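Structure first, then comments.
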Amino acid sequence: MKASGISMLLLVSITPAVAGLSTDPFVVDPQFYGGATLEDRFAAIVTTNDQSAQKIVVLQSAPVVPGAYVAVAGLVPAAYSNNPANGYFNLGMVAYGDDGARTPWGGTVNPYNWLYFDNHYIDYPNSNTPPYSAVRDMKLVGNHLFQLVDSTDVPGNRDVKIVVFENYFGLLAQTPVDAFVTGLDETGAALVPYSYNAGTDPNPDYHFKLIAIATYTTGSGIRIVTAKRFTLDFYSGALAVDTTFGPNGNGAIDYSFPACHDGAPCSTIAKAAVALRADTATPTIYIAGDHQYLGTDWDIFVMAIDGATGNRDPSFGNTVFGGFQTLSYNNPNSTSEDRAIAIAATTTGAASTDRLYLAATAAQHCAPSTVVSRLQAGQGGQPWFVAASRTFAGDASPTCSIAVQTFDTPYAMTLAGGRLAIAGERSVSGAAVLAPYHLPELAIVRIPDLALTDFRTFTPTHPDGSSWDSAGLRDIVATDRGFIAAGVIYGDGNHLLFGTSAYVSDRIFGDDFQAN
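Per my numbering, the sequence shown starts with residue 430, numbered consecutively.
Have a look at this one:
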């Protein structure tokens, strides 16, 4: 067993990467774009540029333009332009109605140079020398969309910023906020908003904090997890560093972790975060990511912090290093490279009832598998433990086919209605495959028992019924009908397009042919 963590050999059966299961089937939603994959080129005039969708949020209950249902964000070139020569992109965003129709950002006048095509597209800053390389997270608070982005304003120096859009008019609430801007290399991970009651204020829901989580690389190459808290003005969307958070008066906290197995410093990379009791001034924030055990042997970590102070919660994790827990799957004949993907959580109130759900990849002999694990506290104050795990896809056999090679890559997970929906992509190649291709992939896992009730790929289609050669899912959210995912379509020359698709349950007939 590895020090300070839980080591688990995956003994549960591996679900073959074949036809979908049928106990809880999901099908494409015929009400959204006729059940087709909604392609968006951002009005591009050439097919040799890239529009890469990365995040999606639900707008259906927000005070936005009538009919707006979801907003999809990602990376795009400048309007009507080729890919930028510097290798970076602008921030692109588009909104759709519940039928898949594009919904313009408010008004009939275009007062901003980053709104175009009758205000259907946001392209910020609409530059041929943009700085952005990733949209790591996006959250909706009130009437504002907060994007955590990687930005390289100075060549060779990647920083993390928060860009705030007012989601009716698409305007910028303020200039991009420096979340983590130093001479070090930084990458964003997650945004965690929470509200609290400010004394006798009759509107407690309008008091918000926002915690940004990232990873930076030291001069010696070691990666460190860090967090910074901001006060958030609900009405204007303005952010200001909360200097009461952390020990140094700059609103930030760095988190040190156990050394490598050989005693040398090791890296830790933040990937995702979720908050419980987020309507109080003292939420618990669970952060998931990757922890280097030794060399190429990586484990998954979960850390619990007190949202009020930023300190690790000593009641979580192991007794030697409070607030921190690692998991390792250590499958035989593999690299033991296990990586975190996403985290979700439920609770009935007290921390002792918290249940964490981790999506991860675990190395197998030939290809990584997807793993979902449930963590919970032991009874009577006993340590946290892994109560269940479910593995699917991948190849654990001792021999590997060179004729057809299948890789299943999960990218995102959401929790709703007693189900975890895990979105990703299946890549198929090999000597017997004429041209490598990709397919959108969706897995449905029931909680709390982690039964895999649906797992399948979908053929990305045009409205006329013809199909795209390749596509994949990158993020997923729950709606009032089911789930909707943002992804990419591999177009001409494998150049990327936004691709959005919706899914609904087909549990009435269970035959995959008629959606309810």
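Heads up, the beta-carbon is just placed ideally off N, CA and C, and yes, glycines get one too.
Predicted model, so just to flag it, every value in this text is computed and none were measured.
(request) Would you mind reading off the limits of the beta strand (DSSP E) that contains D588? (result) Here the question's residue 588 lines up with position 159 in the sequence shown. D588 -> beta strand (DSSP E) spans N586 to E595.
(message) Buried or exposed for D904, going by 16 or more other Cβ atoms inside 10 Å?
(response) Position 475 of the sequence shown, counting from 1, holds the residue named residue 904. D904 is buried by the Cβ-count criterion.
(request) Would you kindly check if the distance between the Cβ of D735 and the Cβ of S624 is under 8 Å? (result) Counted from its first residue, the sequence shown places residue 624 at position 195. Counted from its first residue, the sequence shown places residue 735 at position 306. 8 Å or more divides the Cβ of S624 from the Cβ of D735.
(request) Along the beta strand (DSSP E) that carries R768, what are the first and last residues, could you check? (result) For the purposes of this step, residue 768 is taken as the residue at position 339 of the sequence shown. Element bounds for R768: R768 to T775.
(message) Between G503 and E595, how many whole angstroms is the CB-CB distance? I'm expecting something under 8 Å.
(response) Within the sequence shown, residue 503 is the residue found at index 74, counting from 1. Within the sequence shown, residue 595 is the residue found at index 166, counting from 1. Not really, about 19 Å apart at Cβ, beyond 8 Å.
(message) Do F471 and V505 count as a contact pair if the criterion is CB distance below 8 Å?
(response) Sequence index remark: in the sequence shown, residue 505 carries index 76 (1-based). Sequence index remark: in the sequence shown, residue 471 carries index 42 (1-based). Taking 8 Å as the Cβ cut-off, V505 and F471 qualify as a contacting pair.
(message) Quick check on the burial criterion: 16 or more other C-beta atoms within 10 angstroms. Buried or exposed for A818?
(response) Position 389 of the sequence shown, counting from 1, holds the residue named residue 818. Ala is not the amino acid found at residue 818; the sequence shown has Ser there. So S818 counts as buried.
(message) Under DSSP, the beta strand (DSSP E) around P712 begins and ends at which residues?
(response) Counting from 1 along the sequence shown, the entry for residue 712 is found at position 283. Careful: P712 lies outside any beta strand (DSSP E) and carries neither H nor E.
(request) Give a yes or no on contact between the stretch 737-747 and the stretch 674-684, applying the rule of three or more CB pairs nearer than 8 Å. (result) At 8 Å Cβ cutoff, the stretches touch.
(request) Name the one or two DSSP bridge partners that Y932 has. (result) Position 503 of the sequence shown, counting from 1, holds the residue named residue 932. Residue pairing by DSSP places Y932 opposite V457 and F912 in a beta bridge.
(message) Which residue wins for smallest C-alpha separation from G724, given the options A710, M732 and C689?
(response) To locate residue 724, count along the sequence shown from 1; it is residue 295. Considering only alpha carbons, the answer is C689.
(message) For F637, count the other beta carbons within 10 Å of its own beta carbon; 16 or more makes it buried, fewer makes it exposed. Which is it?
(response) Indexing the sequence shown from 1 puts residue 637 at position 208. F637 counts as buried, since at least 16 other C-beta atoms from the protein chains shown sit within 10 angstroms of its C-beta.
(request) Within 10 angstroms of the Cβ of I831, are there 16 or more other Cβ atoms? Answer buried if so, exposed if not. (result) What you label residue 831 is simply residue 402 of the sequence shown in a count that begins at 1. Result: exposed.
(request) With DSSP as the reference, label S624 as helix, strand or coil. (result) The residue you call residue 624 lines up with position 195 of the sequence shown. In the three-state reduction of the DSSP assignment, S624 falls in the strand class.
(request) For F927, name the three-state secondary structure that DSSP assigns. (result) The count along the sequence shown starts at 1 and reaches residue 927 at position 498. Residue state, collapsed to three classes: strand.
(request) Can you check DSSP and say which residues form a bridge with V683? (result) As a first step, residue 683 is located in the sequence shown; it is residue number 254 there, counting from the start. First, the residue type needs correcting, since residue 683 is Asp and not Val in the sequence shown. Per DSSP, T655.
(request) Look at the Cβ atom of L467, then the Cβ atom of S930, and state whether they are nearer than 8 Å. (result) Here the question's residue 467 lines up with position 38 in the sequence shown. Here the question's residue 930 lines up with position 501 in the sequence shown. The answer is yes: Cβ separation under 8 Å.
(request) Check whether the Cβ atoms of A608 and K568 lie closer than 8 Å to each other. (result) The residue labelled residue 608 in the question sits at position 179 within the sequence shown. The residue labelled residue 568 in the question sits at position 139 within the sequence shown. Between A608 and K568, the C-beta gap is not smaller than 8 Å, which leaves the two residues out of contact.
(message) Taking contact to mean 3 or more Cβ pairs, one atom from each stretch, closer than 8 Å, check whether the stretch 583-592 and the stretch 609-617 are in contact.
(response) Cβ pair count under 8 Å is three or more, so yes.
(message) Quick check on this structure: which residue in N557, D783 and H867 has the alpha carbon closest to the alpha carbon of N511?
(response) Start at 1 with the first residue of the sequence shown, and residue 511 comes out as number 82. Ranking N557, D783 and H867 by CA distance to the CA of N511 puts N557 first.
(message) Is the beta carbon of V578 closer than 8 Å to that of V564?
(response) In the sequence shown, the residue the question calls residue 564 occupies position 135. In the sequence shown, the residue the question calls residue 578 occupies position 149. Closer than 8 Å, so yes.
(request) Determine the closest residue to P605 out of S649, L520 and R848, with distance taken between C-alpha atoms. (result) If you number the sequence shown from 1, residue 605 lands on position 176. Closest option to P605, Cα to Cα, is L520.
(message) Just verifying my parser: in three-state terms, what is the DSSP assignment at A473?
(response) Taking the first residue of the sequence shown as 1, we reach residue 473 at position 44. Assigned with DSSP and collapsed to three states, A473 falls in coil, not helix or strand.
(message) Would C699 and A619 be called neighbours here (beta carbons separated by less than 8 Å)?
(response) What you label residue 699 is simply residue 270 of the sequence shown in a count that begins at 1. What you label residue 619 is simply residue 190 of the sequence shown in a count that begins at 1. Sequence inspection shows Ala at residue 699; the Cys mentioned does not correspond to that position. Yes.
(message) Quick check: what's the CA-CA separation for V441 versus A796?
(response) Position 12 of the sequence shown holds residue 441. Position 367 of the sequence shown holds residue 796. Its pLDDT being 39, under 50, V441 is placed unreliably by the model, and nothing is read from it.
(request) From the DSSP output, in three-state form, read off G503 for me. (result) Residue numbering aside, residue 503 sits at position 74 when the sequence shown is read from its first letter. DSSP places G503 in the strand class (E or B) of the three-state scheme.
(request) Assuming P839 contacts A788 (C-beta within less than 8 Å), just tell me the rounded distance between them. (result) One-based indexing of the sequence shown puts residue 839 at position 410. One-based indexing of the sequence shown puts residue 788 at position 359. Contact annotation, P839 with A788: C-beta distance approximately 6 Å; criterion of less than 8 Å satisfied.
(request) Have a look at D767 and R803 and give me their C-alpha separation to the nearest angstrom. (result) Residue numbering aside, residue 767 sits at position 338 when the sequence shown is read from its first letter. Residue numbering aside, residue 803 sits at position 374 when the sequence shown is read from its first letter. Rounded to the nearest angstrom, the two C-alpha atoms are 16 Å apart.
(request) Answer with buried or exposed for P812, where buried requires no fewer than 16 other C-beta atoms within 10 angstroms of its C-beta. (result) Within the sequence shown, the letter at position 383 stands for residue 812. In this structure P812 is exposed. Its beta-carbon is surrounded by fewer than 16 other beta-carbon atoms within 10 angstroms.
(request) Would you kindly work out how many angstroms separate the C-alpha atoms of D940 and F518, rounded to a whole number? (result) Taking the sequence shown and counting its residues from 1, the one referred to as residue 940 is at position 511. Taking the sequence shown and counting its residues from 1, the one referred to as residue 518 is at position 89. Any reading at D940 needs caution, since the residue's pLDDT is 49, under 50, leaving its predicted position unreliable; the model's value is listed next. Spanning the two alpha carbons is a distance of roughly 43 Å.
(request) Report yes if the C-beta distance between S580 and P554 is below 8 Å; otherwise report no. (result) Your numbering for residue 580 matches position 151 in the sequence shown. Your numbering for residue 554 matches position 125 in the sequence shown. For S580 and P554, no; Cβs fall outside 8 Å.
(request) Check whether the Cβ of S665 sits closer than 7 Å to any heavy atom of the ligand ZN, and report yes or no. (result) Of the ligands one can find in the structure shown there are none, so the ligand ZN has no counterpart to examine.
(message) I need the DSSP call for Q811, collapsed to helix, strand or coil.
(response) Along the sequence shown, read from residue 1 onward, the residue named residue 811 stands at position 382. Looking at Q811 - three-state DSSP - the assignment turns out to be coil, as it is neither helix nor strand.
(message) Please list the terminal residues of the continuous beta strand (DSSP E) segment that includes H867.
(response) In the sequence shown, the residue the question calls residue 867 occupies position 438. Counting along the chain, the beta strand (DSSP E) containing H867 begins and ends at Y866 to R875.
(message) Taking the straight line between their C-alpha atoms, what separation do you get for I913 and S934?
(response) Numbered from 1 along the sequence shown, position 484 holds the residue referred to as residue 913. Numbered from 1 along the sequence shown, position 505 holds the residue referred to as residue 934. Computed Cα separation, rounded: 12 Å.
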